[in-house]
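Chemist:
In UniProt numbering, the protein residues as written are 1 to 64.
#1: Does the beta-carbon distance from residue 32 to residue 44 come in below 7 Å?
#2: Could you say which of 59, 27, 55 lies nearest to residue 102 if we only look at CA atoms?
#3: So is residue 7 buried or exposed if we call it buried at 16+ other beta carbons inside 10 Å?
#4: Please classify residue 24: does DSSP put it in a helix, a strand, or coil?
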């Protein structure tokens with residue numbers, strides 16, 4: 001597998017995971033994403049909401 005093929009495959013996996021997450025209500029998605037020691041469920045909710053707005057408006061995260 002070439003580097004380009006690996007990147008394309010990873011992109012497909014990420015897109016599928018985001019689609020599955022975005023099919024859930026924000027709170028449920030945040031609970032599913034929560035891991036001990038990581039961001040709180042409330043922080044994850046904010047992050048998910050922001051990501052969904054950016055996806056709908058076509059804006060890019062400054063960290064990207």
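For each residue, glycine too, the CB sits at the ideal point set by N, CA and C. It should be emphasised that the depicted structure is a prediction, and the values quoted were computed from it without experimental measurement.
Modeler: Checking against the coordinates, here is how it stands:
#1: Taking the first residue of the chain shown as position 1, residue 32 is located at position 32. Taking the first residue of the chain shown as position 1, residue 44 is located at position 44. No Cβ-Cβ contact shorter than 7 Å links residue 32 with residue 44.
#2: The first residue shown for the chain is 1 and the last is 64, placing residue 102 beyond what the model contains.
#3: Stepping through the chain shown from its first residue, residue 7 is reached at position 7. The residue is exposed, with fewer than 16 neighbouring Cβ atoms inside 10 Å.
#4: Along the chain shown, one-based indexing puts residue 24 at 24. In the structure shown, residue 24 adopts coil according to DSSP, grouped into three states.
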